[in-house]
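Just below is one structure, and these are the notes that go with it.
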Ligand SMILES: Cc1ncc(C[n+]2csc(CCOP(=O)(O)OP(=O)(O)O)c2C)c(N)n1
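Protein chains in written order, with our numbering: chain A, 1 to 325; chain B, 1001 to 1321.
What follows is the structure, given as structure tokens:
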């Protein structure tokens, strides 16, 4: 298979892994084996997958509250990711972080974030550090339409543009922020046009088309690596599930159905079949492999112990506070 | 229910006073707020008075400050107390100080409502109890209702108050049920409530910790006679009620879920040393959260705040049992 063929198949594999992972997370939440604020990535797989395919392992990634897909696409260990969501000691953060706070410095993953918009200034720092050290690493900063209304968005783009930082802003415009439609929070429907205010390139791509995301982000990465500064790539996509497990919002059933028609995985499968890069059998094989990976991750997590409170490294847990007062 | 009581308070105050309006994320036609406190209000009052905003905490609080300074009575919602950090300049440097700095020319009748607390396994950025920050900031009133009755009565008083009020709700209490009277009532700011009478130990407990302390007091009933006080408002603090109780019991235990270090409990102890030193039979104690960000994993999270057993142990230890 050509290099390009391998890349395409690799992207399909990643999308399956994310989709099956998320479906399983939903079940596990229903069984009370995962808790708290859990935001599924179903429907947006093409964004993380296409973008991360344009990144090197040592490039940085600043994630969000909806970050399982970012972690897996960047090359995160599926078992450690699942173990973290299940609160186990073998998880990425040893049970301290959970769904919204996945970190893996080995792959440049600088964390999810429970504070909307808080990653944007942090991305500045990672990009500055790369520039400062004379490294050619870039930082990909994921955020969504809602976050683009935080002051941090404007502060970050302004400074990155001024200092020509190696940053790629990837806006996943999935049309909702919690229960609020983007039409009620954005004066213009497009976010990429805001790039013009900072004199940097802004483009809009079909976020359900993994190859389109890959191409756009690749261009932005090349520019950033070449010392030409930041870009803003707006990926138009859709959040298929509710905002989080316990909070949905009213969405027009027709709108939802239309976006389900544009399922990024099915679209890509079709494209690869047409191109002759894969055959139907390969699809079945890839899917069952991804399913097996997820199954194994859950087994691994379930077999892992919970962390012990003795390990919090604190002399002053509440009971001790009384004793030691 | 607590959440319903808050909703009723908003309905009644908006009905009573046309200058009251709401501002916050997801609070209008889209959602009613993530905890549904404002459900139905947009239908009732329209989106001119229930103003749904982008995710822009600084703008939400700033808008409330500017509107309050110019004659309105905004009630801003910050979805989780943790997110108030994004609007902190507007709270601490603007809202808290404008009245003072203007020599009293500007009144700032605004309420910031926000849920806090832990117990929902949402990790370190969604589980904080930040009341001590605001107790420490001159210029703010800090209200923390622990019961359904107080949720309504204190919110109404807060809206009618002429200064900035931080109104801290507790997420674990939203679905707490309690039978309450029909119709309107207000609970004045600055008046503590004695939730249980006793004569050996005074326990001052806030928000969800109050419920734990009451359970603990029940468990040691017959062994230790515990008086449980709910301060209801941390600023102003009803120190008189606490002092009166200490005169009777001679022992003070403060319980809260926020970290003990530099916390509200330390403040109660300080004030008790000034007002009630001569009544005290033993050193006061504070039982509160660990000095750690809140972990995600359930066994870790539970270990970080006082549980009923911890309170029972403290109660026994303090009366020498
Ligand atoms: C500062 C802050 N405000 C509010 C929230 C609550 N919240 C969490 S996710 C979210 C919606 C975010 O929308 P968007 O940025 O569009 O991301 P999406 O969930 O659509 O991926 C909100 C309001 C938060 N976590 N942090």
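All residues carry an ideal CB built from backbone N, CA and C; glycine is no exception.
{"Check": "Reduced DSSP category for residue 1312 of chain B - H, G, I as helix; E, B as strand; rest coil", "Outcome": "helix"}
{"Check": "Helix, strand or coil at residue 311 of chain A according to DSSP, with G and I counted as helix", "Outcome": "helix"}
{"Check": "Minimum Cβ-Cβ distance from residue 1125 of chain B to chain A less than 8 Å", "Outcome": "yes"}
{"Check": "The alpha helix (DSSP H) enclosing residue 1083 of chain B, as first and last residue numbers", "Outcome": "Looking at the DSSP string, residue 1083 of chain B is not in any alpha helix (DSSP H), and its letter there is neither H nor E."}
{"Check": "Contacts of residue 37 of chain A in chain B (Cβ-Cβ under 7 Å)", "Outcome": "1122 and 1126"}
{"Check": "Closer than 8 Å to chain B by CB, residue 306 of chain A", "Outcome": "yes"}
{"Check": "Candidates A:41, A:66 and A:74, of which the one nearest residue 56 of chain A by Cα", "Outcome": "A:74"}
{"Check": "Option nearest residue 1132 of chain B by Cα separation, candidates B:1076, B:1235 and B:1213", "Outcome": "B:1235"}
{"Check": "Candidates A:81, A:86, A:227 and A:100: closest to residue 92 of chain A by CA position", "Outcome": "A:81"}
{"Check": "Residue 31 of chain A burial status per 10 Å Cβ neighbour count (16 or more: buried)", "Outcome": "exposed"}
{"Check": "heavy atom of ligand 1 below 7 Å from residue 143 of chain A C-beta", "Outcome": "yes"}
{"Check": "Distance between beta carbons of residue 1196 of chain B and residue 1214 of chain B, contact taken as under 8 Å", "Outcome": "6 Å"}
{"Check": "beta-carbon residue 246 of chain A near ligand 1 non-hydrogen atom, thresh 7 Å", "Outcome": "no"}
{"Check": "7 Å Cβ shell around residue 1282 of chain B - same chain, five flanking residues per side excluded", "Outcome": "1251 and 1318"}
{"Check": "Within the segment 55 to 107 of chain A, ranges of the alpha helix (DSSP H) (whole runs, at least 4 residues)", "Outcome": "68 to 73 and 78 to 85"}
{"Check": "Cβ shell of residue 1206 of chain B (< 6 Å), same chain only, five flanking positions each side left out", "Outcome": "1144 and 1256"}
{"Check": "Where residue 60 of chain A falls, given that 16 or more other Cβ within 10 Å makes a residue buried", "Outcome": "buried"}
{"Check": "Partner residues on chain B for residue 101 of chain A, Cβ-Cβ distance less than 8 Å", "Outcome": "1123, 1124, 1125 and 1296"}
{"Check": "Buried/exposed call for residue 321 of chain A, threshold 16 Cβ in 10 Å", "Outcome": "With a pLDDT of 48 at residue 321 of chain A, under the threshold of 50, the modelled position of that residue is not reliable, and no figure is offered here."}
{"Check": "Proximity of residue 120 of chain A and residue 143 of chain A at Cβ, strictly below 8 Å", "Outcome": "yes"}
{"Check": "Supposed close pair residue 1062 of chain B, residue 1094 of chain B - CB separation, criterion 8 Å", "Outcome": "7 Å"}
{"Check": "Backbone secondary structure at residue 144 of chain A - three-state DSSP", "Outcome": "strand"}
{"Check": "Close Cβ partners of residue 1034 of chain B (< 7 Å) along its chain, the five nearest in sequence each way excluded", "Outcome": "1026 and 1079"}
{"Check": "Chain B residues whose Cβ lies nearer than 8 Å to that of residue 115 of chain A", "Outcome": "1082, 1083, 1085, 1086 and 1125"}
{"Check": "Member of B:1068, B:1209 and B:1057 whose CA lies at the smallest distance from the CA of residue 1312 of chain B", "Outcome": "B:1209"}
{"Check": "Spatial distance of residue 323 of chain A from residue 1265 of chain B (CA atoms)", "Outcome": "Only weak support exists for where residue 323 of chain A lies, its pLDDT of 36 falling under 50; the coordinates are left without a value."}
{"Check": "beta-carbon residue 1301 of chain B near ligand 1 non-hydrogen atom, thresh 7 Å", "Outcome": "no"}
{"Check": "Element boundaries [alpha helix (DSSP H), containing residue 1153 of chain B]", "Outcome": "1148 to 1160"}
{"Check": "Completely contained beta strand (DSSP E) runs for the segment 246 to 287 of chain A, where each covers 3 or more residues", "Outcome": "none"}
{"Check": "CB contact below 8 Å: residue 1031 of chain B versus chain E", "Outcome": "The structure shown contains no chain E; its protein chains are A and B."}
{"Check": "Three-pair Cβ contact test at 8 Å for the segment 103 to 119 of chain A versus the segment 1116 to 1136 of chain B", "Outcome": "yes"}
{"Check": "Exposure label - residue 194 of chain A; buried when at least 16 CB within 10 Å", "Outcome": "buried"}
{"Check": "Element boundaries [alpha helix (DSSP H), containing residue 232 of chain A]", "Outcome": "Note, residue 232 of chain A: premise wrong, no alpha helix (DSSP H); beta strand (DSSP E) at 231 to 236."}
{"Check": "Proximity below 8 Å, CB of residue 213 of chain A to CB of residue 47 of chain A", "Outcome": "yes"}
{"Check": "Sequence-distant residues of its chain with Cβ nearer than 8 Å to residue 1019 of chain B (five each side left out)", "Outcome": "1071, 1072 and 1073"}
{"Check": "Boundaries (first-last residue) of the alpha helix (DSSP H) holding residue 121 of chain A", "Outcome": "119 to 133"}
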